[in-house]
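J.: Numbers in my numbering are just positions in the sequence shown, counted from 1, shifted up by 163.
We put the beta carbon where it would ideally sit given N, CA and C, even for glycine.
Predicted model, so just to flag it, every value in this text is computed and none were measured.
Submitted below is the structure of interest, expressed as structure tokens.
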Amino acid sequence: MSLIDVVVRELEVVRVSDVSPAMKRVTLAGEALCTEAFPPFVSTGFDDDVRMLFPYPGEALPVLPEIDESGRVQFAPGRRPIARAYTVRRHDADAGEIDLDVVLHGDDGVASQWAQAARPGSPMHIVGPGQTKSLPESPDWWLVYGDDTALPAIARLLEELPASARGLAVISVAEHAHRIELTHPAAVSVHWIDRAEHTAEHGSLPVPSDLLRVAEWPEGEPFVWLAGEQSEVQGLRRFLHHVHGVPKTDIDFTGYWKHHRHDTDAANER
């Protein structure tokens with residue numbers, strides 16, 4: 164997200180729905196999405212995101228960044244906003260709405276707690292959107308991997324692929340009930356890995372390289388998109404490059420979160 168793209172928008176919740184037992188969909192709307200007083204909200208990339216801004220404990224309003232005329236961001240001395248990055252699952256420009264899918268972590272995580280308590284009328288300030296780099300239009304085939312936190316981006320990507328696209332999507336979720344319905348081209352196969360089931364059968368969680376051994380690869384050279392826990396996607400990238408010979412330039416990877424990270428101003432929670 165470049166500095167000139169930083170826009171703070173005050174929105175409110177208009178709907179909350181269950182995507183799965185482990186994910187809430189929160190629909191936000193407001194004049195800041197559809198009036199000329201703000202730069203247009205544009206989300207053309209499947210992994211575009213916004214930063215949700217949350218109040219500190221005991222406070223009603225979040226700490227907001229101040230943006231000067233040059234687009235540079237300033238912060239109040241000693242306090243930075245509590246921000247979490249979330250994929251724009253859907254943007255309806257006509258309705259002036261965006262959908263954000265939030266993974267529920269029980270009582271762990273400021274965004275998770277907020278999503279479970281959110282009701283129509285609940286306020287939310289967002290920053291963005293941040294736009295991701297464009298991806299190749301027609302690789303031989305697509306290889307997509309992600310965990311629970313990457314499901315919104317994977318779902319949007321599969322919906323937006325051309326009908327002629329070929330590929331393989333491998334998705335790791337905590338348990339079977341966390342699977343969701345996905346719309347995808349006929350020649351893209353989707354494979355789910357249930358971590359609880361794998362642990363029950365094998366006594367341990369799957370290691371990164373195991374996650375991509377669930378199906379035969381299509382012919383041709385893939386373009387790869389990986390997202391999830393940082394060390395896991397880094398391991399998968401190394402595996403694909405060294406074992407399968409996929410050029411590093413053909414692997415786009417993002418670490419959405421890190422094991423054992425609990426700092427309050429972490430950029431990502433998903």
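Name the DSSP bridge partner or partners of F416?
T.: L389
J.: Rounded to the nearest angstrom, what separates L324 and V307 at their Cα positions?
T.: 12 Å
J.: What's the C-alpha gap between L227 and G241?
T.: 13 Å
J.: Exposed or buried, what is T250 when buried is set at 16 or more other beta-carbons lying within 10 Å of its beta-carbon?
T.: buried
J.: Check this for me: beta carbons of A246 and M215, under 8 Å apart or not?
T.: yes
J.: How many angstroms separate the CA atom of V177 from the CA atom of L191?
T.: 6 Å
J.: Within the same chain, show all residues whose beta-carbon is closer than 8 Å to that of D426, passing over the 5 residues directly before and after it, in chain order.
T.: Caution is warranted here: a pLDDT of 40 is assigned to D426, below 50, making its placement in the model unreliable, and no coordinate value can be reported.
J.: Please confirm if the region 288-299 is in contact with the region 202-210, defined as three or more CB-CB distances below 8 Å between the two stretches.
T.: Judged by Cβ distances under 8 Å, the region 288-299 makes contact with the region 202-210, as three or more pairs qualify.
J.: Classify E199 as buried or exposed, calling it buried when 16 or more other Cβ atoms lie within 10 Å of its own Cβ.
T.: Around the beta carbon of E199, fewer than 16 other beta carbons sit within 10 angstroms, so the residue counts as exposed.
J.: Beta strand (DSSP E) containing H354: first to last residue?
T.: Note, H354: beta strand (DSSP E), 351-357.
J.: Could you check if A223 is buried or exposed, using at least 16 other CB atoms within 10 Å of its CB as the buried criterion?
T.: When all chains shown are included, A223 counts as exposed.
J.: For V266, name the three-state secondary structure that DSSP assigns.
T.: strand
J.: Please state if the CB of A185 and the CB of D311 are separated by a distance shorter than 8 Å.
T.: yes
J.: Which value, in whole angstroms, describes the spacing of the CA atoms of F386 and Q237?
T.: Approximately 38 Å, taken between the alpha carbons.
J.: Find the nearest neighbour of A316 within the set E360, L345, D413, A328, judged by alpha-carbon distance.
T.: L345
J.: Helix or strand or just coil, what does DSSP make of E384?
T.: coil
J.: Taking A195 and E173 to be in contact with their CB atoms under 8 Å, please state how far apart those CB atoms are, rounded to whole angstroms.
T.: 6 Å
J.: Check K296 in the structure and name its three-state DSSP category.
T.: Looking at K296 - three-state DSSP - the assignment turns out to be coil, as it is neither helix nor strand.
J.: Helix or strand or just coil, what does DSSP make of K421?
T.: coil
J.: Assign K187 to buried or exposed, taking buried as 16 or more other Cβ atoms, counted over all protein chains shown, within 10 Å of its Cβ.
T.: buried
J.: Classify E364 as buried or exposed, calling it buried when 16 or more other Cβ atoms lie within 10 Å of its own Cβ.
T.: exposed
J.: Our contact map puts W388 next to L331 with C-beta atoms below 8 Å; I'd like the distance itself, whole angstroms only.
T.: Actually they are not in contact, since the Cβ atoms of W388 and L331 sit about 11 Å apart, beyond 8 Å.
J.: What number of angstroms, rounded off, separates the C-alpha of D413 from the C-alpha of V290?
T.: 30 Å
J.: Kindly indicate the opening and closing residues of the beta strand (DSSP E) around A332.
T.: Where A332 is concerned, the enclosing beta strand (DSSP E) stretches over 330-336.
J.: Three-state secondary structure (DSSP) at L306?
T.: The answer is strand: DSSP assigns L306 an E or B state.
J.: According to DSSP, simplified to helix, strand and coil, what is G272?
T.: In the structure shown, G272 sits in coil (DSSP, three-state: anything other than H, G, I, E or B).
J.: Which word fits E392, buried or exposed, when buried means at least 16 other C-beta atoms lie within 10 angstroms of its C-beta?
T.: buried
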